[in-house]
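Numbering (the numbering used here), first residue to last: 1007 to 1267.
Here it is, written out as C-alpha cells:
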C-alpha cells in the first residue's frame, strides 16, 4: 500500500498510468476513490495520482483533531515521495485551497494548479466579498442541491446515492477544512512563484458563480479559465466526460507552454 510520510502522518495515495503528471486533491466529502471516472479516462495519456488527505479515506485518521493547515503538507509529501516534477495539481472545491498552497510550497515540483470550483483561498478583498455573497445564496439550498443538479438526482438515483456514501468513509469533516483559507496567498505571491493557475468551474455551480470565477481569472495574471456548460459544483462526478476533457486540455496546454518557454 503506497504511503507517504507527512511529518509523521501516513498519507495514502495511488499512482496510475504514465505521461505528464496530474495529481487530484479531493474536497470535503471525497477521498482517492472519488476520482474513479478520472483515473479510468486519463491514465492512458497521463500519470494520474490520487491522494487521501489526513482524516480521509485510507490515510491516518487517528489524531484527536484535524487542522486544515496541515493538508497542503500531505500533498507535498506525495509529490516528494514520487519525485514528481512539473505536476499539475487539480483541486476540487476546498481541496483546491490545499492544492494551491502545496504548489506554492513546491514550485520546483508543481508547474500548474487547477482551482476546481474554488478561488483557492486567494487573499483579495474583492474576491472574498464576491465569494461570501455566493455562499450566502448557496446555504439556502439543501447540501445535495448545492453539489448535484436536481435532474441528475432524479435520473441517476444510483450515482447520487453512491456520491453521498463516499463521505461516510472519512473521519474528518467539512469543519476541519474551513481554516485552510486563513492567511491565504496574495496574487503577488502566486505570480512570484511562477506556478500557473487555471480556474475550472461549471456553468450551473450553485456554490461559486461563474461571475465570481471569471473575476478571479481577470485579476490573476496569466491565469486560464475553463467554464463547462451545464455542469454543477461536483462536475467531476455528474459530468465526467466534460470535466475530463477540460482537465486534459489544461494539462496539454500548460505542458506545451512550459516546453515552449
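Note that beta-carbon positions come from the ideal geometry of N, C-alpha and C, so glycine has one too.
In this text the structure is predicted, and so the values were computed from the model without any measurement.
**Request:** Identify every residue that forms a DSSP beta bridge with residue 1020.
**Result:** 1056
**Prompt:** Can you give, in chain order, each stretch of the beta strand (DSSP E) that sits fully within the region 1056-1127 and has at least 3 residues?
**Reply:** 1093-1098, 1116-1122
**Asked** What does residue 1011 pair with, by DSSP beta-bridge criteria?
**Response** 1016
**Request:** Report the residue from 1152, 1196, 1173, 1044 whose alpha carbon sits nearest the alpha carbon of residue 1228.
**Result:** 1196
**Request:** Look at the Cβ atom of residue 1202, then the Cβ atom of residue 1117, and state whether they are nearer than 8 Å.
**Result:** yes
**Request:** Note down the Cα distance separating residue 1092 from residue 1230, rounded to an integer number of angstroms.
**Result:** 17 Å
**Asked** Which whole-angstrom value is the C-beta distance of residue 1078 and residue 1111, which I expect to be below 8 Å?
**Response** 6 Å
**Request:** Leaving out five residues on either side along the sequence, give the residues of the same chain with a beta carbon under 6 Å from the beta carbon of residue 1047.
**Result:** 1250
**Message:** Using a 10 Å radius around the Cβ and a threshold of 16 neighbouring Cβ atoms, would you call residue 1176 buried or exposed?
**Reply:** buried
**Asked** Excluding the five sequence neighbours on either side, which residues of its own chain have a C-beta within less than 8 Å of the C-beta of residue 1011, listed in chain order?
**Response** 1017, 1083, 1087
**Message:** By alpha-carbon positions, which one of 1119, 1183, 1124 ends up nearest to residue 1268?
**Reply:** The displayed coordinates of the chain run from 1007 to 1267. Any statement about residue 1268 would go beyond what the structure contains.
**Item:** Rounded separation between residue 1192 and residue 1015 - CA only
**Value:** 29 Å
**Prompt:** Going by the beta-carbon positions, is the gap between residue 1080 and residue 1059 smaller than 8 Å?
**Reply:** yes
**Message:** My output table needs one value for residue 1225: the three-state DSSP class, helix, strand or coil.
**Reply:** helix
**Request:** Work out the CA separation of residue 1128 and residue 1103 for me, nearest whole Å.
**Result:** 8 Å
**Request:** Find out if the Cβ-Cβ distance for the pair residue 1171, residue 1150 is shorter than 8 Å.
**Result:** no
**Item:** Ranges of the alpha helix (DSSP H) found wholly within the region 1179-1205, counting only runs of at least 4
**Value:** 1193-1199
**Between the CA atoms of residue 1232 and residue 1132 - distance to the nearest angstrom** = 21 Å
**Message:** Assuming the contact rule is C-beta atoms closer than 8 Å, residue 1140 and residue 1216 should be a hit. Round their C-beta distance to whole Å, please.
**Reply:** Not really, about 10 Å apart at Cβ, beyond 8 Å.
**Message:** Let's see if you can read the secondary structure: which residues bound the alpha helix (DSSP H) around residue 1296?
**Reply:** A query on residue 1296 cannot be resolved here, the shown segment of the chain reaching from 1007 to 1267 and no further.
**Request:** Go to residue 1231, then tell me how far its beta strand (DSSP E) extends in each direction, as first and last residue.
**Result:** 1230-1234
**Three-state secondary structure assigned by DSSP to residue 1216** = helix
**Item:** In DSSP terms, what residue 1207 is bridged to
**Value:** 1233
**Prompt:** Secondary structure at residue 1147, three-state DSSP: helix, strand or coil?
**Reply:** coil
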